[in-house]
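Peer 1: So my numbering is basically just the index in the sequence shown, starting at one, shifted up by 93.
Glycine is no exception: its CB is placed at the ideal position from the N, C-alpha and C atoms.
Just passing along the structure, written as structure tokens.
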Amino acid sequence: MDCSLLRSLINRYCAGEENWVDSRTIYIGHREPPSGTDAYIPQRYPDNRIVSSKYTFWNFVPKNLFEQFRRIANFYFLIIFLVQLIIDTPTSPITSGLPLFFVITVTAVKQGYEDWLRHKADNAVNQCPVHIIQHGKVVRKQSRKLRVGDIVLVKEDETFPCDLIFLSSSREDGTCFVTTASLDGESSHKTYYAVQDTKAFRTEQEVDTINATIECEQPQSDLYKYVGRINIYQDRDEPTARPLGSENLLLRGATLKNTEHIFAVVIYTGMETKMALNYQSKSQKRSAVEKSMNTYLIVYLCILISKAMINTVMKYVWQSDPNRDEPFYNHKTDSERQRNTLLKVITDFLAFMVLFNYIIPVSMYVTVEMQKFLGSYFITWDDDMFDSELGEGALVNTSDLNEELGQIEYVFTDKTGTLTENNMEFIECCVDGHVYVPDAICNGQILTGTVGMDMIDSSPGAGGKEREELFFRALCLCHTVQVKEEESVDGIKKGLQPCGKSSSVYISSSPDEVALVEGMKRLGFTYLRLKDNHMEILNRDDDIERFELMEVLSFDSVRRRMSVIVKSSTGEYYLFCKGADSSIFPRVIKGKVDQVRARVEHNAVEGLRTLCVAYKTLAQDEYESVCKQINTAKLALHDRDKKLAEAFDVIERDLILLGATAVEDRLQDKAADTIESLHKAGMKVWVLTGDKMETAAATCYACKLFHRNTQILELTTKRTEEQSLHDVLFDLSKTVLRHCGSLTRDTVSGLSHDVPDYGLIIDGATLSSVMKPTEEGSSGNYKEIFLEICRNCSAVLCCRMAPLQKAQIVKMIKTSKEHPITLAIGDGANDVSMILEAHVGIGIMGKEGRQAARNSDYAIPKFKHLKKMLLVHGHYYYIRISELVQYFFYKNVCFIFPQFLYQFFCGFSQQPLYDTAYLTLYNISFTSLPILLYSLIEQHVNMDILKRDPSLYRDIAKNSLLRWRVFIYWTLLGVFDAVVFFFGAYFLFDNTTFTSNGQMFGNWTFGTLVFTVLVFTVTLKLALDTQYWTWINHFVIWGSLLFYIIFSLLWGGIIWPFLNYQRMYYVFMQMLSSGPAWLGIILLITISLIPDMLKKVICRQLWPTSAERIQAKRQCLSVEPSTIFMLSQTSSSISF
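The structure is reproduced here in structure tokens:
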């Protein structure tokens, strides 16, 4: 065997992290390079399968069982079941085994079904057909079989099956248009460029002849970064090397648009693609309620162990008297006398544990699972959350987190497609202080030209007219808009000639650019096309003007502007520049800056997106110098971006200001109302977007995340270049903490507007610096300062975020010292990471694919549906399940504590107080249905009031109904009721002439009396807690009590005499034949319920909650019809 091959295999499969190389070599078409060049070393890469599922056929049973037995209750009941199997215990193993088996099975089936759906979705993606080039022919194969180095043919509207390097296109200029909506949330078209030396290879046969290798970095998650080079082997010996950047990289999940087809080579596959690297692993999410349940179970487990230990000790104390240990009627055998004392103690301890184990309610988990599963259908069935456009309603992908919807403290939302519809509309432009509105109405007539709302002069004048036209030409030329000659084009589109002259539409990587070019068309200047590197526009006189496009200075988030250099038909060179006001005004040396700035500020306050436009003329020698600077920077292999930025900075100076524009990004319906309601409910809303800062900030103003009086704090790359990150953080910290105390007070009172309202803006690059450990190890310190700043800001905007950074933000807040409950909502694959990281993930079924909806916990059609999901459904779910949990612990304390007291009266003999049938059916039949129904349909406050008054959400915040104070109250109430049951019955039995014929009752009658009072008390307690009564409540509550009576008669052999079970035969009937027993049952039930009723009355009068005040108002309204009539007349002025 070849030693080199053995060595490579050992390195590949056995080497550790230290042997990891930072680059890979890819052979295009798996073609070996010419002899005499680098050695051909084929490398092994993963296949192209995507895996989002959690289980496989082989690991489902062990992995699912392991996860389920991580639950304290499940593990505990498994131990109890095994103990019952091993030793002789007072109760049968079936009493623990059957409920446990039922819980495990139901949960496994539910989780297995959910994972099967994920498998199904994965298979649909992995088996999708793709076309590759083999031996000059197009061959079809499944996506999962793609290998690194394959040449792929992708047609229009197809999604890229993996990460590709763009080789050639059907377009002559070697470009293609792509939408990356599912990756970075931007549904606009982006332009990508083929490798310069391969764009001429346009047929399958020609592409198959390419002999080249690609050297590039190993897979990494940054969507916006790619470094590589291609070595093309031609006739000469030395290969031609060309740099590769992100403009050549086509990412998995993006879609080819407005290009007939392209050829590209596979570089990253499967779970190594950038989209997959930005996915978080899907982990089991657990709600705060479930964590509280586990904590309470530990407390009750300690109580159980204490009870067992007390009884074990007391048993041996009691038996220390020989007459009690071995009475004359129960002599021990020799084997019993010789048994090891320690073994006897352990056996007795375990027997007491089994006897009292019903204090840990296994049926609670069954009921909780059923409540979550059935309760989730209320979201699915909600007609208010049905979207007629999509024809779909809300979906529940996992029902484990229903109650968590009522505990949200932080909401992290995407912007594009989540808050906005991504539809831009041109509103106005301002030239030298004159405002122009397209299609404005004047004297009842629509003016399709321009209308000036003059701020300075009554008319622009002759010179003004020339500047006005120069402004319009600047906007028609300074852009990257493409024109498509087709009827229907997906993405950003506007009709060029609606009157039938042409069916062209505008397409661009920026929706703003389309809106601006479309706005200029409405103002009389129409951009026609880019042909042979010449841009053509149609002016007001219907004359075509041609400008040669010399250079494009592309937009970037640091410069916040873009420019073009064009040459007019008269030979003049112009540089037209447009960008954010903060990046244009400092570079302007001439123009009406004050007037334009005033209009820009006015539009910003209105929530419009503004851009400023400027220009300068270039002489021939100036242009040649500029061209040389740009080309030198473009050819740089290292620090290319930095050198280009330096060149652009030198060129874009000494500008003349022309004017500004205003564009509106349409928000989704009721997005602003939803965010306002979430704020009133006490939630903090953060916007995490991959978009530009200016775009995102404008949207935040429009959706009322930022208000007019909000003081914006910037933590961005631009600011950290001027100051060190350390200084910027401490400056911001001083600013917000100076008003920290008063801000907190006034935020609560909501009365003062004098205290500054802060909003923070941070970008992805700065966030990386904050999170990155420094040499001094001060990252933790930076992170804490950043968190402190965020806590004191009413809203936070994070822009230019990579998908993984979104998840890091969510994780940072989630793991902060307060451990708040987080929710993430988005609509694209770029949001999947944060959706998986947050406590609750919600996907929007938008235009950007279904990746977010498929990986989320819940899916809704529109952002506005989040309001009802949280404020109504979340509120109800939490209230219901909180009562369910506390009620289960309460009724089990009532159930088992009398059993504990009974041991003091039966010589600690482990004698059960209740019959086996009652022990088994208490939680399964007699008391289970009423609480299950309560937890499904209870409405303590009307849902319309919950929507109208979001502040009610604050009443249940921070797990308020499952705090220790409430838990202890329920436990003490259960102990009190248990003492009343037991000793009340005991004192009644103290009368030896209990029955009319003088017959004495036995221990089974005593236990049945206690059990009867118990069942009636806990059921009536729930009836008293019920606010929302329906016929179903009446049927289930009274039906459960009736079922108990019928069963007891049947079990006692009264109805069916053949059930003459000797222990319980005629016991129930004999008890009911006694008048004192009837009186005792009624009296004990009343005494048990009085303390809780008193507590409720006193608390409602002295310390009512918001919900209780509303309940009191509803009762008043139901009593006073006249008041109802008045309310109907003035409903708009009444606030609940």
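By Cβ distance, which residues of its chain are closer than 8 Å to Thr460, with the 5 residues on each side in sequence left out?
Peer 2: Same-chain partners within the cutoff: Leu977, Phe981, Ser1021, Ile1024, Leu1025, Ser1028.
Peer 1: Answer with buried or exposed for His932, where buried requires no fewer than 16 other C-beta atoms within 10 angstroms of its C-beta.
Peer 2: Classification of His932: buried, given that the 10 Å Cβ count is 16 or more.
Peer 1: Any idea which residues DSSP pairs Trp1235 with across the strands?
Peer 2: Nothing about residue 1235 can be reported from this structure: the residues present for the chain run from 94 to 1229 only.
Peer 1: Would you decide whether Leu1065 is buried or exposed? Buried here means 16 or more other CB atoms lie within 10 Å of its CB.
Peer 2: It is exposed - the Cβ of Leu1065 has fewer than 16 other Cβ atoms within 10 Å.
Peer 1: Counting along the chain, where does the beta strand (DSSP E) carrying Tyr666 start and finish?
Peer 2: Where Tyr666 is concerned, the enclosing beta strand (DSSP E) stretches over 666-672.
Peer 1: Can you tell which of Lys961, Ile325, Tyr667, Gln311 has the C-alpha that lies nearest to the C-alpha of Asp766?
Peer 2: Taking only the C-alpha atoms, the option nearest Asp766 is Lys961.
Peer 1: In angstroms, rounded to a whole number, what distance separates the CA positions of Met927 and Asp920?
Peer 2: About 11 Å.
Peer 1: Can you tell which of Glu1031, Ser975, Trp1057 has its C-alpha closest to the C-alpha of Gln1120?
Peer 2: If we check each option's Cα against that of Gln1120, Glu1031 comes out closest.
Peer 1: Would you call Leu860 buried or exposed, if buried means 16 or more other Cβ atoms sit within 10 Å of its Cβ?
Peer 2: The residue in question, Leu860, is buried, as its Cβ has 16 or more Cβ neighbours within 10 Å.
Peer 1: Could you give the first and the last residue of the continuous beta strand (DSSP E) run that contains Ala753?
Peer 2: Ala753 -> beta strand (DSSP E) spans 748-760.
Peer 1: Under 7 Å between the Cβ atoms of Glu299 and Val231?
Peer 2: Contact: no.
Peer 1: Let me know if Tyr667 comes out buried or exposed under the rule of 16 or more other beta-carbons within 10 Å of its beta-carbon.
Peer 2: Burial call: buried.
Peer 1: If you draw a straight line from the C-alpha of Phe1104 to the C-alpha of Asn985, how long is it?
Peer 2: In a straight line, the C-alpha of Phe1104 is about 12 Å away from that of Asn985.
Peer 1: Mapping DSSP to helix, strand and coil, what is Pro222?
Peer 2: Three-state DSSP puts Pro222 in a strand.
Peer 1: Compute the distance between the beta-carbons of Arg1239 and Phe253, then report whether it is under 7 Å.
Peer 2: Nothing about residue 1239 can be read from this structure; the chain reaches only from 94 to 1229.
Peer 1: By Cβ distance, which residues of its chain are closer than 6 Å to Ile855, with the 5 residues on each side in sequence left out?
Peer 2: Closer than 6 Å at Cβ, skipping near neighbours: Leu808, Cys891.
Peer 1: Can you grab the Cα-Cα spacing for the pair Asn626 / Leu646, in whole Å?
Peer 2: For Asn626 and Leu646, the distance between alpha carbons rounds to 15 Å.
Peer 1: Determine the DSSP secondary structure at Leu701, reduced to helix, strand or coil.
Peer 2: Three-state DSSP puts Leu701 in coil, outside helix and strand.
Peer 1: Of all the options Pro312, Tyr319, Arg264, Val524, which has the alpha carbon lying nearest to the alpha carbon of Ala293?
Peer 2: Checking every option, the nearest Cα to that of Ala293 belongs to Arg264.
Peer 1: Cβ of Tyr620 within 6 Å of any heavy atom in the ligand ADP?
Peer 2: Here there are no bound small molecules, and the ligand ADP is not part of this structure.
Peer 1: Alpha carbons only, please: which of Leu737, Phe741, Thr491 is nearest the one belonging to Arg379?
Peer 2: Of the listed residues, the one whose Cα sits closest to Arg379 is Thr491.
Peer 1: Comparing alpha-carbon positions, which option in Val610, Ala858, Leu798, Gln575 lies nearest Ile520?
Peer 2: The option with the nearest alpha carbon to Ile520 is Val610.
Peer 1: Over the uninterrupted alpha helix (DSSP H) stretch that includes Asn167, give me the two end residues.
Peer 2: 165-179 is the extent of the alpha helix (DSSP H) around Asn167.
Peer 1: Please classify Asp758: is it buried, with 16 or more other beta-carbons within 10 angstroms of its beta-carbon, or exposed?
Peer 2: Under this definition Asp758 is a buried residue.
Peer 1: At 3 residues or longer, what runs of the beta strand (DSSP E) sit wholly inside the stretch 849-911?
Peer 2: Entirely contained in the stretch 849-911, the beta strand (DSSP E) runs reaching 3 residues are, in chain order, 850-856, 888-892.
Peer 1: Does the distance from the CB of Ile355 to the CB of Ser262 come in under 7 Å?
Peer 2: Yes.
Peer 1: Whole angstroms is fine: what's the gap from Cys309's alpha carbon to Gly783's?
Peer 2: Cα-Cα distance, rounded: 25 Å.
Peer 1: Spatial neighbours of Ala789 within its chain, please: CB distance less than 6 Å, with the 5 preceding and 5 following residues excluded, ordered by chain position.
Peer 2: Same-chain partners within the cutoff: Lys508, Thr782, Leu890, Cys892.
Peer 1: Ignoring anything shorter than 3 residues or poking outside the stretch 435-513, list the beta strand (DSSP E) runs there in chain order.
Peer 2: Complete beta strand (DSSP E) runs here, min 3: 503-506.
Peer 1: May I have the straight-line CA-CA distance separating Ser887 from Lys955, to the nearest angstrom?
Peer 2: Going by the C-alpha atoms only, they are around 24 Å apart.
Peer 1: Between which residues of its own chain and Val965 is the CB-CB distance below 7 Å, once the five residues before and five after are set aside?
Peer 2: Correct list, in chain order: Met1036, Leu1039, Lys1040.
Peer 1: Quick check on DSSP: helix, strand or coil for Lys777?
Peer 2: Here Lys777 sits in strand by DSSP.
Peer 1: Do Ile768 and Leu798 have their C-beta atoms closer together than 7 Å?
Peer 2: Contact: yes.
Peer 1: Taking the alpha-carbon of Lys899 as reference, which of Ile882, Met864, Lys910 has the nearest alpha-carbon?
Peer 2: The option with the nearest alpha carbon to Lys899 is Met864.
Peer 1: Which residues mark the beginning and the end of the alpha helix (DSSP H) in which Ser1181 is found?
Peer 2: That run of the alpha helix (DSSP H) goes 1168-1195.
Peer 1: For Ala217, count neighbouring Cβ atoms within 10 angstroms of its own Cβ and tell me buried if that reaches 16, exposed if not.
Peer 2: Ala217 comes out exposed.
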